[in-house]
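To start, the structure under review is shown below, and the notes come after it.
In the numbering used here, the protein residues as written are 42 to 381.
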């Protein structure tokens with residue numbers, strides 16, 4: 042083995058680096074690179090500000106050529122209502138489907154609390170958000186909506202507990218959006234869907250709510266001396282939950298099941314009372330109108346509710362006995378005969 046290689050290996054093992062090349066007289070050779078000199082100046086000036094961007098990001102964007110807020114255009118055959126009679130009646134099937142959509146909309150909304158979103162069906166809020174001057178999401182036309190719908194909302198006669206105001210009914214546009222969220226498509230309807238039919242649904246819905254509240258006031262008239270002005274606290278749609286009474290009528294008596302159910306909670310001057318509302322399709326009335334019967338009664342959550350239901354049972358089936366025991370439930374301005 043050559044001595045030069047052995048000494049280099051030993052030097053690497055002892056010092057961890059290769060030995061510096063030496064000249065023939067034993068002195069190290071000078072490195073051709075001057076490590077003490079400062080580096081050459083970089084050709085790019087990193088301290089200079091960047092050149093101005095050719096795009097002005099502060100300028101407002103150009104108006105978009107497509108108006109996404111406007112309802113889409115459809116063939117005239119779909120939009121035309123000239124051949125549609127304004128006095129055309131709504132079918133029971135259409136109303137039942139609409140009522141179920143309303144219940145689905147109710148069940149998606151919180152029914153109590155101080156903060157109620159504008160999407161709620163009976164929230165008395167503004168239709169335009171003052172923060173961004175945009176309409177609430179549920180008041181915007183659907184993407185395939187064939188015609189414009191009214192966004193006005195009618196105030197009910199039902200007092201809203203703790204607010205000093207009355208509940209507000211949903212608009213036609215809110216109803217349409219509730220239907221589409223449920224999976225409904227107007228193109229699948231056998232009958233032509235028109236603005237008049239949607240307006241008719243809203244009128245029937247509001248009328249039935251007023252009728253239901255009057256029924257509740259009949260029950261509450263048992264307690265008129267204690268609480269002359271009951272108020273509605275909250276409500277919920279429960280179309281898939283059969284009440285015990287509806288289940289008994291269907292399973293034992295053979296009646297049809299209700300197509301919808303609501304639960305309303307009433308404030309009886311500090312006492313909350315839950316009412317059950319079952320909606321039944323009873324066909325066509327003598328006047329040729331499609332009819333809906335609403336079975337309203339207090340839920341048997343307390344001894345007082347059970348007693349009230351016993352009283353009404355006597356009023357209906359043994360009125361003479363009931364007349365001797367207690368006063369009939371009555372609305373202001375109505376006679377006993379009208380209430381029976």
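Positions of the beta carbon are idealized from the N, C-alpha and C atoms, including for glycine. On a predicted model such as this, the values are computed, not experimentally measured, just so you know.
Asked                                                                                                                                                         : Found
Out of curiosity, what's the CA-to-CA distance linking residue 183 and residue 232?                                                                           : 20 Å
Taking residue 303 and residue 279 to be in contact with their CB atoms under 8 Å, please state how far apart those CB atoms are, rounded to whole angstroms. : 7 Å
Quick check on this structure: which residue in 298, 310 and 308 has the alpha carbon closest to the alpha carbon of residue 319?                             : 298
Measure the beta-carbon distance from residue 323 to residue 338 and round it to whole angstroms, keeping in mind my assumption that it falls under 8 Å.      : With a Cβ gap of about 17 Å, residue 323 and residue 338 do not count as contacting.
Anyone know if the C-beta pair for residue 234 and residue 273 falls short of 9 Å?                                                                            : no
Mind checking which residues open and close the beta strand (DSSP E) that includes residue 304?                                                               : 301-309
Straight-line CA distance for residue 333 to residue 301?                                                                                                     : 11 Å
Within a Cβ cutoff of 8 Å, which residues of the same chain sit near residue 349, ignoring the five residues on either side of it in sequence?                : 260, 263 and 339
Mind checking whether residue 384 and residue 228 have CB atoms under 9 Å apart?                                                                              : The requested residue 384 does not occur in the structure, where the chain is confined to residues 42 to 381.
By the three-class DSSP mapping on this structure, what secondary structure does residue 196 have?                                                            : strand
By DSSP, does residue 298 sit in helix, in strand, or in coil?                                                                                                : coil
Does DSSP classify residue 186 as helix, strand or coil?                                                                                                      : coil
So for residue 275, helix, strand or coil by DSSP?                                                                                                            : strand
Residue 317 bridges to which residues according to DSSP?                                                                                                      : 304 and 338
Nearest to residue 213 by CA position, among 180, 249 and 294, is which residue?                                                                              : 180
By how many angstroms is the C-alpha of residue 258 removed from the C-alpha of residue 236?                                                                  : 33 Å
Can you confirm whether residue 187, when its beta carbon is compared against all beta carbons of chain B, has any partner nearer than 9 Å?                   : No chain B appears in this structure, which consists of one protein chain only.
Between which residues of its own chain and residue 8 is the CB-CB distance below 6 Å, once the five residues before and five after are set aside?            : Residue 8 lies beyond the range of the chain shown here (42 to 381); nothing can be said about it.
In three-state DSSP terms, what is residue 361?                                                                                                               : helix
Helix, strand or coil: how does DSSP classify residue 206 here?                                                                                               : strand
Looking at residue 342 and residue 314, is the spacing between their C-beta atoms short of 9 Å?                                                               : yes
Which of the three DSSP states, helix, strand or coil, is assigned to residue 181?                                                                            : coil
Look at the alpha carbon of residue 209 and the alpha carbon of residue 215, and state the distance between them as a whole number of angstroms.              : 12 Å
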